[in-house]
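Chemist: So that we are looking at the same thing, I have put the structure below in structure tokens.
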Amino acid sequence: MKNVLIVDDDTIMRVTLRSLISWEKFGLQIAGECNSGAQALEYLSSHTVDLMITDVKMPEMSGIELLRSLQDGKKTPVTIMLSGYDEYDLVREAFRLGAYDYLMKADLNKKNIECLITEINRKFWHGVVEEGGIQEETEGSKPEFQMPDCGTYGIVILEIDDFQRQAVRFQEDLDGLLERPMWDLAAQIPKIKRNGKVMTVQHGHYVLFYAVTMSEGYHSEIVGLVRRLQTIWKNYMNLLVSAAVCEAKEAADLKETIEFGENLLLLSPLEGMMSLHTEWEKRSIAERLEKSKKKYGKFLSLLYDLNEPGSEREKLILFQSMEELPLETAKEECLSLIALLALKFREYDGDFYRIFPEDVNYYEKVGRLLTMTELERWFNNYSSWILEYLKQQTSGIQTDLILRAKRFVADNYSNPELTLKTVADYVDLNEKYFSTKFTQKTGGTFRDYLTSLRLEKAEYLLKRTDLKIYEICDQIGYNNVEHFNRMFKRMIGKSPNGYRKDSGNFAPDEGTDKTSRN
Numbered sequence: 001m002k003n004v005l006i007v008d009d010d011t012i013m014r015v016t017l018r019s020l021i022s023w024e025k026f027g028l029q030i031a032g033e034c035n036s037g038a039q040a041l042e043y044l045s046s047h048t049v050d051l052m053i054t055d056v057k058m059p060e061m062s063g064i065e066l067l068r069s070l071q072d073g074k075k076t077p078v079t080i081m082l083s084g085y086d087e088y089d090l091v092r093e094a095f096r097l098g099a100y101d102y103l104m105k106a107d108l109n110k111k112n113i114e115c116l117i118t119e120i121n122r123k124f125w126h127g128v129v130e131e132g133g134i135q136e137e138t139e140g141s142k143p144e145f146q147m148p149d150c151g152t153y154g155i156v157i158l159e160i161d162d163f164q165r166q167a168v169r170f171q172e173d174l175d176g177l178l179e180r181p182m183w184d185l186a187a188q189i190p191k192i193k194r195n196g197k198v199m200t201v202q203h204g205h206y207v208l209f210y211a212v213t214m215s216e217g218y219h220s221e222i223v224g225l226v227r228r229l230q231t232i233w234k235n236y237m238n239l240l241v242s243a244a245v246c247e248a249k250e251a252a253d254l255k256e257t258i259e260f261g262e263n264l265l266l267l268s269p270l271e272g273m274m275s276l277h278t279e280w281e282k283r284s285i286a287e288r289l290e291k292s293k294k295k296y297g298k299f300l301s302l303l304y305d306l307n308e309p310g311s312e313r314e315k316l317i318l319f320q321s322m323e324e325l326p327l328e329t330a331k332e333e334c335l336s337l338i339a340l341l342a343l344k345f346r347e348y349d350g351d352f353y354r355i356f357p358e359d360v361n362y363y364e365k366v367g368r369l370l371t372m373t374e375l376e377r378w379f380n381n382y383s384s385w386i387l388e389y390l391k392q393q394t395s396g397i398q399t400d401l402i403l404r405a406k407r408f409v410a411d412n413y414s415n416p417e418l419t420l421k422t423v424a425d426y427v428d429l430n431e432k433y434f435s436t437k438f439t440q441k442t443g444g445t446f447r448d449y450l451t452s453l454r455l456e457k458a459e460y461l462l463k464r465t466d467l468k469i470y471e472i473c474d475q476i477g478y479n480n481v482e483h484f485n486r487m488f489k490r491m492i493g494k495s496p497n498g499y500r501k502d503s504g505n506f507a508p509d510e511g512t513d514k515t516s517r518n
């Protein structure tokens with residue numbers, strides 16, 4: 001069982017989270033509850049926690065301060081932030097500090113949290129949910145997959161490089177048209193058919209378990225087999241697949257080996273499509289990559305947000321720290337930084353391989369640099385190129401998408417279910433990426449824009465109609481009259497009834513400013 005820690009100063013919210021879903025169904029258990037960030041920090045110092053659900057705002061120590069305090073300590077759990085209205089700036093800071101996702105308290109329900117937990121299970125713990133609990137299995141109609149419980153296995157992590165394009169190509173039936181032919185072809189290799197088992201982590205991402213009977217010659221044998229797989233898939237299906245190959249391990253160590261292999265696979269963009277990385281050749285840089293995620297997170301976020309002054313300052317700090325390292329170590333740090341940049345592209349549904357017209361082998365590029373000065377100069381030029389590429393991607397296409405998003409909001413603001421995700425899905429953008437671009441283009445957050453539009457419509461209705469306050473709420477997308485009254489007074493400076501009177505509309509007082517409707 002994975003351990004869950006709930007952190008919230010609201011007792012009712014803690015009880016709600018504890019009882020909202022069947023945690024055991026997901027292979028999880030509520031290991032502890034804390035009413036402040038400080039209490040959680042103390043708990044984490046002596047307990048293992050895999051998933052933390054924490055409020056953004058709390059007395060004594062907030063969720064943001066808690067995440068910040070964990071930056072230099074033990075491994076931070078996968079973190080879900082809980083936020084209220086008008087806290088998106090805090091949520092953005094939480095993402096920069098490593099939070100995985102957030103949930104609005106107003107939107108907290110069984111379906112939302114189960115979807116998020118299922119996603120986290122797949123991404124971090126390679127599991128899916130079934131009636132009987134968490135199982136390791138393949139997807140679709142393939143037979144249930146059981147992790148080996150004895151023997152020695154080589155682990156190969158496989159990923160389709162251009163999966164977004166292939167998903168469009170095979171969208172009608174990914175199982176039948178993409179994955180079944182892949183494994184039918186793989187079965188044409190006798191050793192794969194005899195000794196191999198496949199687990200689908202998610203479409204386009206797989207784990208191959210290869211039973212090893214003799215450790216002698218394993219390295220050359222497994223690399224040769226993987227190269228044959230890559231060639232077959234390219235020649236017969238036009239699929240480009242990258243691979244990370246791990247040392248052969250006993251069954252008891254396979255989960256840790258898979259985790260390392262996933263990290264090793266993050267190095268793929270350094271070599272280009274159809275790359276193959278092995279643990280015995282790249283262990284050092286793969287381990288460095290894991291340690292570098294927090295160290296370089298701020299720089300990468302600033303760069304991707306097109307914050308040129310901020311990214312330049314952060315880059316200067318990073319290279320000052322690199323100057324104290326041996327040149328070869330500094331090169332590995334630089335390569336780790338590029339691999340994490342590629343990961344940032346993926347998080348925002350970008351395509352790292354499209355930056356340059358041809359594949360770039362960064363190992364060769366960086367390997368040819370002979371001094372720290374050359375390394376710094378090369379990376380300065382490289383990051384400037386990335387910044388210009390991102391600006392070009394943003395300038396034309398995103399302007400049209402933001403206009404489409406605004407029109408969609410104008411047509412649907414009366415729907416209380418309208419959310420940032422709804423609009424992002426409509427314009428076919430990743431939610432976090434859309435949020436960033438919307439703020440850059442409009443100068444304000446999406447929530448501020450939606451609130452402003454709704455209150456503008458409310459002002460019109462208060463001036464021109466005798467609709468009751470709850471009827472106005474219905475027309476502008478508010479389910480809760482009390483929340484509407486509070487927002488209106490904060491933004492406009494008067495209560496809705498007061499505004500109506502001052503505008504010269506003398507509709508009868510309702511006495512409903514404090515009434516809630518759900």
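Just so you know, full-length UniProt numbering puts the end of the sequence shown at 518, numbered straight through with nothing missing. Glycine included, every Cβ here is placed at the ideal spot set by N, Cα and C. Note that the coordinates shown come from a computational prediction; the quantities given were computed from them, not determined experimentally.
For Gly63, is the classification buried or exposed, using 16 other Cβ atoms within 10 angstroms of its Cβ as the cut-off for buried?
Modeler: It is buried - the Cβ of Gly63 has at least 16 other Cβ atoms within 10 Å.
Chemist: Closest by CA to Thr200, which one among Gln166, His277, Ala248, Ile157?
Modeler: When each option's Cα is compared against that of Thr200, the closest is Ile157.
Chemist: According to the neighbour-count rule (16 or more other Cβ atoms, all chains shown, within 10 Å of its Cβ), is Glu144 buried or exposed?
Modeler: Residue placement at Glu144 is poorly supported in this model, since its pLDDT is 46, which falls under 50; the coordinates still yield a value, given next. Under this definition Glu144 is an exposed residue.
Chemist: Answer with buried or exposed for Cys150, where buried requires no fewer than 16 other C-beta atoms within 10 angstroms of its C-beta.
Modeler: Classification of Cys150: exposed, given that the 10 Å Cβ count is below 16.
Chemist: Can you have a look at Cys115 and say buried or exposed, based on whether 16 or more other CB atoms are within 10 angstroms of its CB?
Modeler: So Cys115 ends up on the exposed side.
Chemist: Below 8 angstroms, can you find three or more Cβ-Cβ pairs linking the stretch 38 to 56 to the stretch 77 to 84?
Modeler: Yes: at least three Cβ pairs fall under 8 angstroms.
Chemist: Contact check, Leu276 vs Val223 under 8 angstroms by CB: the rounded distance?
Modeler: Contact flag correct, Cβ pair sits at about 7 angstroms.
Chemist: Assign Lys468 to one of three DSSP states: helix, strand, or coil.
Modeler: Coil, per DSSP.
Chemist: What is the DSSP secondary structure of Gly57, reduced to helix, strand or coil?
Modeler: A quick correction: the sequence has Lys, not Gly, at residue 57. Lys57 falls in the coil class under three-state DSSP.
Chemist: DSSP on Glu271, reduced to helix/strand/coil?
Modeler: Here Glu271 sits in coil by DSSP.
Chemist: If you run the structure through DSSP and keep just helix, strand and coil, what is His205?
Modeler: In this structure, His205 counts as strand in the three-state DSSP scheme.
Chemist: Using DSSP bridges, identify the partner residues of His277.
Modeler: Bridge partners of His277: Ala244.
Chemist: So who's on the other strand from Glu249, going by DSSP bridges?
Modeler: The sequence given here places Lys at residue 249; Glu does not occur at that position. DSSP output for Lys249 lists Tyr153 as bridge partner(s).
Chemist: Which term fits Thr451, buried or exposed, when burial requires 16 or more other beta carbons within 10 angstroms of its beta carbon?
Modeler: Result: buried.
Chemist: Just to confirm my understanding: we take Asp107, look at its own chain, exclude 5 residues before and 5 after, and list those with CB closer than 8 angstroms. What are they?
Modeler: Excluding residues within five positions, the ones whose Cβ falls inside 8 angstroms are Thr419.
Chemist: When burial is assigned at 16 or more other CB atoms within 10 Å of the CB, is Ile12 buried or exposed?
Modeler: Exposed.
Chemist: Would you report the Cα separation of Arg14 and Ile6, rounded to the nearest angstrom?
Modeler: Each residue's alpha carbon lies about 7 angstroms from the other.
Chemist: What does the Cβ neighbour count give for Gly132, buried or exposed, with the cut at 16 atoms within 10 Å?
Modeler: In this prediction, Gly132 scores a pLDDT of 33, lower than 50, which makes its location untrustworthy; the coordinate-derived value is nonetheless stated afterwards. Under this definition Gly132 is an exposed residue.
Chemist: Kindly indicate which three-state DSSP category Thr46 falls into: helix, strand or coil?
Modeler: For the sequence presented, residue 46 should be read as Ser rather than Thr. Reduced to three states, the DSSP call for Ser46 is coil.
Chemist: Quick check on DSSP: helix, strand or coil for Val15?
Modeler: Val15 falls in the helix class under three-state DSSP.
Chemist: Who are Ile30's beta bridge partners in DSSP?
Modeler: Val4.
Chemist: At what residues does the alpha helix (DSSP H) containing Ile189 begin and finish?
Modeler: Note, Ile189: premise wrong, no alpha helix (DSSP H); not H, not E.
Chemist: Please report the Cβ distance between Ile155 and Ile258, rounded to the nearest whole angstrom; I am assuming they are in contact, meaning their Cβ atoms lie under 8 angstroms.
Modeler: Ile155 to Ile258, Cβ: 6 angstroms. Contact.
Chemist: Quick check: the stretch 286 to 293 against the stretch 330 to 337, are there 3 or more CB pairs under 8 angstroms?
Modeler: As far as the Cβ criterion goes, the stretch 286 to 293 touches the stretch 330 to 337, which means the pair count is three or higher.
Chemist: Buried or exposed for Leu403, please, with buried defined as at least 16 other CB atoms from any protein chain shown within 10 angstroms of its CB.
Modeler: Leu403 comes out exposed.
Chemist: Quick check on Asp335: does DSSP put it in helix, strand or coil?
Modeler: Note that residue 335 is Leu in the sequence shown, not Asp. Residue state, collapsed to three classes: helix.
Chemist: What is the residue span of the beta strand (DSSP E) that Thr79 lies within?
Modeler: Start and end: 78 to 83.
Chemist: Bridge partners of Gly196, per DSSP?
Modeler: Note: Gly196 sits in a beta bridge opposite Tyr210.
Chemist: Am I right that Leu254 and Tyr153 are in contact with their C-beta atoms under 8 angstroms? What's the rounded C-beta distance?
Modeler: Going by Cβ atoms, the distance from Leu254 to Tyr153 rounds to 6 angstroms, so yes, they are a contact pair.
Chemist: On a CA-only basis, which of Ala244, Val245, Ala186 is nearest Tyr236? Give me that one, please.
Modeler: That would be Ala186, whose Cα lies nearest to the Cα of Tyr236.
Chemist: Between which two residues does the beta strand (DSSP E) carrying Tyr102 extend?
Modeler: 101 to 104 is the extent of the beta strand (DSSP E) around Tyr102.
Chemist: DSSP three-state call for Glu323: helix, strand or coil?
Modeler: Three-state result, Glu323: coil.
Chemist: Starting from the Cα of Gly504, find the closest Cα among Met58, Thr213, Tyr460 and give me that residue.
Modeler: It is Tyr460.
Chemist: Between which two residues does the alpha helix (DSSP H) containing Tyr236 stretch?
Modeler: Segment 218 to 237, the alpha helix (DSSP H) holding Tyr236.
Chemist: Give the secondary structure of Ile355 by DSSP, where H, G and I count as helix, E and B as strand, and everything else as coil.
Modeler: Residue state, collapsed to three classes: coil.
Chemist: Between which residues of its own chain and Ala243 is the CB-CB distance below 6 angstroms, once the five residues before and five after are set aside?
Modeler: So the list reads Val156, Leu158, Val226, Leu276, once near-sequence residues are dropped.
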